[in-house]
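Below is one structure; the comments refer to it alone.
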Amino acid sequence: METAEIQRRFLKFFESNGHTVVPSAPLPAFEDPNLLFVPAGMVPFVPYFLGQATPEWNRATSVQKCIRTPDIDEVGKTSRHGTFFQMNGNFSFGDYFKEQAIRFAWDLTTGSVESGGLGLDGDRIWATVYLDDDEAIDIWHKQIGLPLDRIVRRGQADNMWSMGIPGPCGPCSELYYDRGPDYGPEGGPEVDEDRYLEFWNLVFMQNLRGGGPAKEGYEVTGDLPKKNIDTGMGMERMAALLQGVDNMYETDQVRPIIDKASELTGKRYGVSTSHTASESHPDDIRFRVIGDHVRSSLMLIGDGVAPSNEGRGYVLRRLMRRAIRAVRLLGYDKPAMPELLPVAMERMSAAYPELRTDFERISSYAYGEEEAFLKTLKHGTTILDTAVSETKSEGGKTLSGSKAFELHDTYGFPIDLTLEMAEEQGLSVDQEGFRKLMTEQRQRAKADAAARKTGHADLSAYWQLLQEQGPTDWKAYETLDTESRVIGVLKDGQPIPLAKAGDIVEVVLDRTPFYAESGGQHADAGKLVGPSLFAEVLDVQRPVKKLVVHKVRVLEGELVLDDKIEASVDPEWRLGARQAHSGTHVVHAALREVLGPTALQSGSFNRPGYLRLDFSWRSKLSDETKSEIEEVSNRAVRDDLPVAVQYMTLPEAKDFGAVALFGETYDETVRVVEIGGPWSRELCGGTHVSRSAQIGPLVLTAESSVGSGQRRVEAATGMEAYKYLARERDLVTQIAEEIGAQRGDVLERVRAILQRTKDAERELANLQAKAVSGRAAEFAANAKQVGAVKVAAVQAPEGTKGGDVRNLAMQIRGHLPEDQPGVAAVVATAGGKASIVVAANKAAQAQHVSAQALVKAALSGKGGGNDEVAQGGGVPADQAEQLLAAVTGAILA
Ligand code: ATP
Ligand code: MG
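Residue numbering for the sequence shown follows my numbering, beginning at 30 and increasing consecutively.
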């Protein structure tokens, strides 16, 4: 059964059992600052499980795209761990519970294929339950009929689910399928988790847990008032079972990538004949890594992640690099992504059609990243080789941790690559030293993150406020001032009763006009004022959905819980913010008008007077293109286009042609901002001007590269744009005055001045050379007799350049008598160093006086040239005299 069919049957089964089908959230976990990616189907439903929000339905089902980075090292080595996979789930919010959940899972799994089920053999299914969950055992045994010897009790670590922090928790029951003796020893999931393959986990959310360790050893403190169900069936694992293949990499969605890789590399997949993953041949593991990672990369870029050196982008980069390296280890060294990625897209686009329509953008990131990595590999290999030979020449056997770290940090060289390549050359690597440096770096990054906006990632205080006080009444679209009540004061994530002058604290109000940073728009600035309070608002964030948190500095008086205050946004600031945000949309539309629709925004930031926008594009923009974008933008401003805001559902918005951007999650109802009707339509929660002319002038101030396949434009808006232009004008005026030209003639005059300077420099150099060579005859006449050789040993005038030193030596030689051995030796000093040129005439060479030998004698073996002329240098300037003496000495010897 194809994966697509499993998905269809799953959703149909639960839909016909009263569940609402909810689409997958994007892979990046935008709502939870603790997560980079969504690792399980329940994540988008967390607020419902925590009672922070009420769902519109009691039952839901979904097929959620998941990424589990901790499983990366298992890929290919077990049969069941992918970095990307799809989790099919059914959820009950205070509706059905244990009995029904087990029944659903059993019926769908063992139901016959003809009747819409998945047709697994019930006699081969095992179930695990939590230690004392007798209720679950009873259901499995008495209602389903599973024999007791296929029901296994397991402890907290395996079979008690929680989010690792105080909050809901509950026992789980997992379903396993026995794949038979070919896959490992008998004895159930406790003995072998590869033979007994876990394919479905049922979580019975019924308790509350306290603090303590995340996974095991915490206390269960009570019961939940409303019980919930959360389940996850691994679609790939189910596909492997139903397609009769050994592992999840051989299913219809991944295997074609492996086959393509096999075709490219000429290596066979399936070297090992055993079904057991742990007995795999290294090549087979590499193939699986390629299949898995190429697909994961496709899905990640599809959801808006771009390769970078931190956070989500780094995970993507790591996956791509591992895949590319595996391809090379299998013996193919040309770019492989252009061959493999389309295969992955073909397989995945049935379920995710946007992968096809968006493939140009996706592939440009992937191919760009591979190109860059292949260069890195080349470059890093040279660095590594140098380091290896240095280590060896010093008699070392271990490459230093700092070298390995430098390779990793500066050249993006993965440590496993360094290990492998050093080993090939007979060296080990100081891994401990490397890890120490990595830890230090990570701690620095952590400290860095902690110092940033939503500092502490423990959100419980916010959740609690939200639970007790409800969502913030948010008035940012309507007004700049509200009468508000202080409902929370927090310091370091802990509630406090009041704050005094000088304190910096976080404040939650029942109602606020402040715009919290989101969608690339900077937070509003403003103040909180009470009878005896004056506080400045420094930042505004929404650490949890629907709760606005102001970071303020108390300047006067006290900020006390429950006080009534006035919250006011600085109107100048807000006007600037509206101009900049609308300006961002205008520049985006202009980019797409000029470059085409693939120039899609991948990130943006705006604050009063300034905006920047990152977009997919491979090459530097030409000056003409930049002017054109600027002109299209300013024409849109001049046309005074109406700006309109509409609310609609996400599918409606997409039909409407609105551009949905990455980095955002959208609610059921979305806000569409239009400028000039269809010319610019974006999903956006920002604050905007009401007509485009209010944006004021728009000036592109910079264009640059931000990583592979991405460019950034920056612009000034409104008064800042005017000031920018005024500054440029003043600069031209000043230059004109300085050089005594009319403004219009400035460029021509500057060019003329530069040309004159260049001519004068050339003239000067000529004169110097002449002056030097003019003295050649004089130098030759003063030559001394050294043994049988006439030697002119000369210090060139200070500042004589390299080429001129050589000329001088040749000219002096020319003035020495031809019938007698003669040598000219000229030293020159420049930049604190001395150099020497020696020229020997024919008669000298006939007597075996070699210029090269003389230079080498003076420079203890260094220098280059031949018998006739030779040169060398690099010794300290104060040794110039000694060089000449050494040459003379060598002639005598
Ligand atoms: P395992 O112990 O095998 O790693 P798990 O206990 O981590 O699995 P759960 O967190 O219970 O798995 O996830 C629910 C289901 O999602 C699992 O039963 C499995 O079918 C699937 N699943 C989990 N992790 C992966 C993965 N890395 N690749 C593919 N499927 C997975
Ligand atoms: Mg796991």
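Every residue, glycine too, gets a C-beta built ideally from N, C-alpha and C.
The Cβ-Cβ distance between V866 and V823 does not fall below 8 Å. Inclusion of H614 and S547 in the CB contact set at 8 Å is not warranted, their separation being larger than that value. By alpha-carbon distance to Q93, the top candidate from V232, S108 and M71 is M71.
The segment 748-755 and the segment 648-656 do not touch, with fewer than 3 CB-CB distances between them shorter than 8 Å. Between the ligand ATP and R109, a heavy atom-to-CB distance of less than 7 Å is present. Inclusion of F233 and G263 in the CB contact set at 8 Å is not warranted, their separation being larger than that value. When DSSP states are grouped into helix, strand and coil, P200 belongs to the strand group. Taking 8 Å as the cut-off, the beta carbon of G738 is found closer than this to the beta carbon of R647. Under DSSP, K426 takes part in no beta bridge, so it has no partner. E400 has its CB no nearer than 7 Å to any heavy atom of the ligand ATP.
Restricting attention to D163, H170, T858 and R791, the CA atom closest to the CA of R183 is found in D163. Taking all protein chains shown into account, S326 has 16 or more neighbouring C-beta atoms within 10 Å of its C-beta and is therefore buried.
In chain order, P285 place their CB closer than 8 Å to the CB of E375, counting only its own chain and leaving out the 5 sequence neighbours on each side.
Not a single heavy atom of the ligand ATP lies less than 7 Å from the C-beta of M328.
Within the segment 88-147, the alpha helix (DSSP H) runs of at least 4 residues that lie entirely inside it are, in chain order, 127-139. Looking at the DSSP output, K862 bridges to A859 and P905. Annotated three-state conformation of E732 is strand, per DSSP. Taken in chain order, the whole alpha helix (DSSP H) runs of length 4 or more contained in the segment 444-477 are 444-453.
Contact between A609 and R636 holds: CB atoms are separated by about 6 Å, below the 8 Å threshold.
The beta-carbon distance between V581 and V536, rounded to whole angstroms, is 5 Å. This is short enough to meet the 8 Å contact definition. Looking at the DSSP output, W229 bridges to L204 and M262.
The DSSP assignment places 284-294 as complete runs of the alpha helix (DSSP H) inside the segment 275-304, in order along the chain (cut-off: 4 residues). Proximity to G118 across R153, I96, Y77 and V50 peaks at V50, based on C-alpha coordinates. Nearest Cα to H617 within the set F543, W602, C713 and V558: C713. The C-alpha of G105 is placed about 5 Å away from the C-alpha of R317.
Scanning H322, A379 and P200 for the CA closest to the CA of G111 turns up H322. By the beta-carbon neighbour count (other beta carbons within 10 angstroms, threshold 16), T386 is exposed. The segment 119-129 makes contact with the segment 81-98: 3 or more CB pairs, one atom from each, lie closer than 8 Å. When the five nearest sequence neighbours on each side are left out, the beta carbons in the same chain lying within less than 6 Å of the beta carbon of S719 are those of V672, in order along the chain. For F228, the shortest separation between its Cβ and any heavy atom of the ligand ATP lies below 7 Å. Excluding residues up to 5 positions away in sequence, L428 and K432 lie with their Cβ nearer than 7 Å to the Cβ of A416 in the same chain. In the structure shown, N63 falls within a coil segment according to DSSP collapsed to helix, strand and coil. An exposed status is given to K529, since fewer than 16 other beta-carbon atoms sit within 10 Å of its beta-carbon.
With 16 or more other Cβ atoms from the protein chains shown falling within 10 Å of its own Cβ, L495 counts as buried. Under the three-state reduction of DSSP, Y676 is assigned to strand. A direct Cα-to-Cα measurement between G342 and V334 gives close to 6 Å.
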